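One point on numbering: in numbering that gives the first Met the number 0, the residue at position 231 of the sequence shown is 230, and numbering is uninterrupted. Ideal Cβ placement from N, Cα and C applies to all residues, glycine included. Quick caveat: nothing in here was measured; it's all calculated off a predicted structure. Data block below; observations after.
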Amino acid sequence: MPLRLCAFVFLLFLAVPSHARSNSGSPAPGQFVCDTSLDRTREAIALAKFNRERRPAALSTAAEAVTDDRGHIAVLQDDGTVITPANRFDLANSSLTFTPAANGRYSAGIQTADFDPVGGAATGLALRDDDAVQVSLNFPFVFYGASYTSLYVNSDGNLTFTASDTRSTDRNLARIAAGPPRIAPFFNDLDPSSSGRVTVEKFEDRILFTWTNVGEWADAGAVGQNTFQVVLGANGTIRFNYQRIDATEAVVAIGPGASANPTISLVDYLGTAAPTALPGVIAEVFASRLTMDLSQIAQIFYRNHPDSYDEIFVFADFNLSLSPAFAYAVPIRNAERGIMNATGAQGAFYDYGSEFGSGQRLSAMVNMGDLGRFPPDPRQQFLGTNTTLSILGQEFGHRWLAFLDVSTASMLGRADSHWSFLHNTFGSVMEGNEIEDLGNGRFQTVRATESYSPLDQYVMGLRPASEVPPWFVVASPTLTTPIPAGFPASCRNVENLPSCAPFVGLQFSGTRRDVTIDAVLSRAGSRVPSFPQAQKDFRVAFILVTTRGQEPKPASLQTLEAMRTTWVSFFQTAVDGRGTMNADLLYFPSSATEVRTQITANGSRRVETRGTAAPVQVGYATLDSAAGISIVKFVAGGDVRSEAAIPAATLGTAFRVYVERAERVSTGLALLNTSGSAASITAQLSDGQQTTIQLLPRSQKSQFIHELFTNIGTSFSGTL
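Structure follows, in structure tokens:
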């Protein structure tokens, strides 16, 4: 069988956590778990490309699918390219050997199992669930060019160098690409404290790490038996040996650890006819569940919808598990500064829009999973402190949040992308709690997951720094008894508390650490674009995916429509009226025709047209009113591509013109205020950037588009 290989290089300049925070154990029943992290994007793109390589040729030649919109819900029926089938673990009774090659590469080869028997000299390791122990090596082991004399044995079926990894977040490819250097024979949520054992045995030429009859974590205790082994050779070889494996999901991989431009080589190990030297992370992802290809969904959506959406929410109208997560966001694009703790010269800029079919606007996609898990009323509290609307709020907020911290008191919790349980967030949907200071070092949580906090709004660009009041974080907590019923057992260990989901009614003691916005600015820098220029008006789309041949369930459409409409008002309330939300679909016109509309005196009306061809051939827009005539003319060809004349404009008048910015091209804008009063003009680009222009009485101003929008870059074409 030929080698099935996809190797991709991702230049993702993101803030990568330097250490693993306290984990909260495996997820507690009834708690909302969002598994968003800044590394999700790499995993999503790599898996999508790998699965496309494995797609049957017949699907590549089939007619292109498009969404079938039902009102303002885009319905997408799987055509064989959207829903990815299971890839169950298939390496039982096999051995997989990684051999060092030149330039930091490894070759991977499969063979019949060559299990090294565990002898009487093996030392048992006392590992709990989500635990690690450090082990000294009896010879220097070279891994991706670096020499190590010790490593960490992590209970979840992997070895790491330089740092342990005991987090309870999803055991996925993203963690391997972003974490410490790792050898992962069976990266899964294993629990050696309930069944089986983990041992280490040292020989002169090799070291054995063996998981014997270790089960997967479950509420009632570990289930199944899994026996596998890592053999580290003194010559640098790595061998994974497998015997009985009951689990069907895991990541089997080796990886050099986090870097700014990681290479991910995805392989079908059983399809490897001959060893091939591969760079970077070498992995196969085994899954027993269906998954959705978010990048493919987005590309299909854009076939009959314009690139006018900031985020896209995707729901499944079939049984789809995201366990251990309930939902998660995939960050796609960011050009804003000061919203996360920047690392390195590139800070936190990234743009993967092209992988999702978006040329300029899409910032994130959200996998909301199976729609059937959500109640018909989106305002109903059903998952911890969460409603459907607060879950939407958190996932939408991950476009910016929560990736900021300060040096004096940790504000971050789970996966360094949610606020800490001990962070007084005034009840933010981004987690944390509203914490009441009872005095004498005593505190109580009183509200959670209801709105965006003032800090959230600042990071989102909806509030100036001067309007962010001080807040606090509680350090060194001690729980007060009696502990309320329903508070997760794993969170009663105060080391786990920062990563726990919000909970109202918990009392605890600790040390109050006050925080101000100045502490954030000193570490992350000022926000760019600043508050006046930041986007305030947002648009999202709701997509419902069905299986092949399946019509959307009427109840599903009804639930999703209720969710869509109430989300708009929820968002605007949650940001204290500082921003707007639109969840309506936009469409390409079927042909160029004439549109007429009535506009009341001193009123305004927006008319938007979009052609299906790249250049606009001919287009006119005229506005006749008592104040004058506005003409917008688009011309194709030559150096002049648009011409706009607005002889007179009154309060509330809005118009749209074509603008572009290239290396030697920049659209100019000239404004004249003939009145005796000052004028304020709001200018917004089609990618969402926004600024305000102030004109004094009887004054004029001329500026190029790149002077108005300093972050526009040199390859923008769109509308203003």
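Between F185 and T448, the alpha-carbon positions lie close to 36 Å from each other. When the five nearest sequence neighbours on each side are left out, the beta carbons in the same chain lying within less than 7 Å of the beta carbon of A661 are those of T713 and S714, in order along the chain. In the three-state scheme derived from DSSP, where H, G and I count as helix and E and B as strand, D455 is classed as helix. Assignment of P99 by DSSP, reduced to helix, strand and coil, places it in the strand class. Judged by beta-carbon spacing, R512 lies within the 8 Å limit of F471, meaning their Cβ atoms are closer than that value. In the displayed model, P179 falls within coil according to three-state DSSP, outside both helix and strand. Runs of the alpha helix (DSSP H) spanning 4 or more residues and lying entirely within the segment 491 to 529 occur at 516 to 523, in chain order. Listed as beta-bridge partners of R538 by DSSP are N581. Listed as beta-bridge partners of P330 by DSSP are A363.
Residue burial annotation: P528 is buried, with at least 16 other C-beta atoms found within 10 angstroms of its C-beta. Here DSSP, grouped into helix, strand and coil, assigns D415 to helix. With 16 or more other Cβ atoms inside 10 Å of its own Cβ, F97 counts as buried. Under the 8 Å Cβ criterion, the segment 387 to 405 counts as touching the segment 553 to 568, having at least three qualifying pairs.
Straight across, the Cα-Cα distance linking F317 with S294 is about 19 Å. The beta strand (DSSP E) runs lying completely inside the segment 209 to 275 and spanning 3 residues or more are 222 to 232, 237 to 244, 249 to 254 and 262 to 266, given in chain order. The Cβ neighbour count for P261, taken over all protein chains shown within 10 Å, is at least 16; the residue is labelled buried. In the DSSP assignment, I680 is bridged to I692. Under the three-state reduction of DSSP, G123 is assigned to strand. Per DSSP, W470 is one residue of the beta strand (DSSP E) stretching across W470 to L478.
About 14 Å separates the beta carbons of A107 and V250, which is beyond the 8 Å limit, so they are not a contact pair. The segment 494 to 507 makes no contact with the segment 137 to 153, as fewer than three CB pairs between them are under 8 Å. Comparing alpha carbon positions, the residue from S154, R446, A523 and F114 closest to A401 is A523. Taking all protein chains in view, the Cβ of D130 is crowded by 16 or more other Cβ atoms within 10 Å, so the residue is classified as buried. Assignment of S287 by DSSP, reduced to helix, strand and coil, places it in the coil class.
Beyond the five residues adjoining it in sequence on each side, F202 comes within less than 6 Å, by CB distance, of no other residue in the same chain. By the CB criterion at 8 Å, R87 and S287 fall inside the cutoff. Q688 is a Cβ neighbour of N710, given a cutoff of 8 Å. Inter-segment contact for the segment 187 to 204 and the segment 351 to 363 is absent: fewer than three beta-carbon pairs are separated by less than 8 Å. DSSP places P139 in the uninterrupted beta strand (DSSP E) bounded by A131 to F142.
Beta bridge pairing from DSSP links K201 with I206. Across the set N672, G717, G223 and L543, the C-alpha of N672 shows the shortest separation from the C-alpha of R697.
The continuous alpha helix (DSSP H) containing V567 extends over residues P553 to A573. By the Cβ neighbour-count rule, A246 is buried, with 16 or more other Cβ atoms within 10 Å of its own.
V280 has I263 as its beta-bridge partners, per DSSP. DSSP, read as helix, strand or coil, puts F317 in coil. In the structure shown, S674 adopts coil according to DSSP, grouped into three states.
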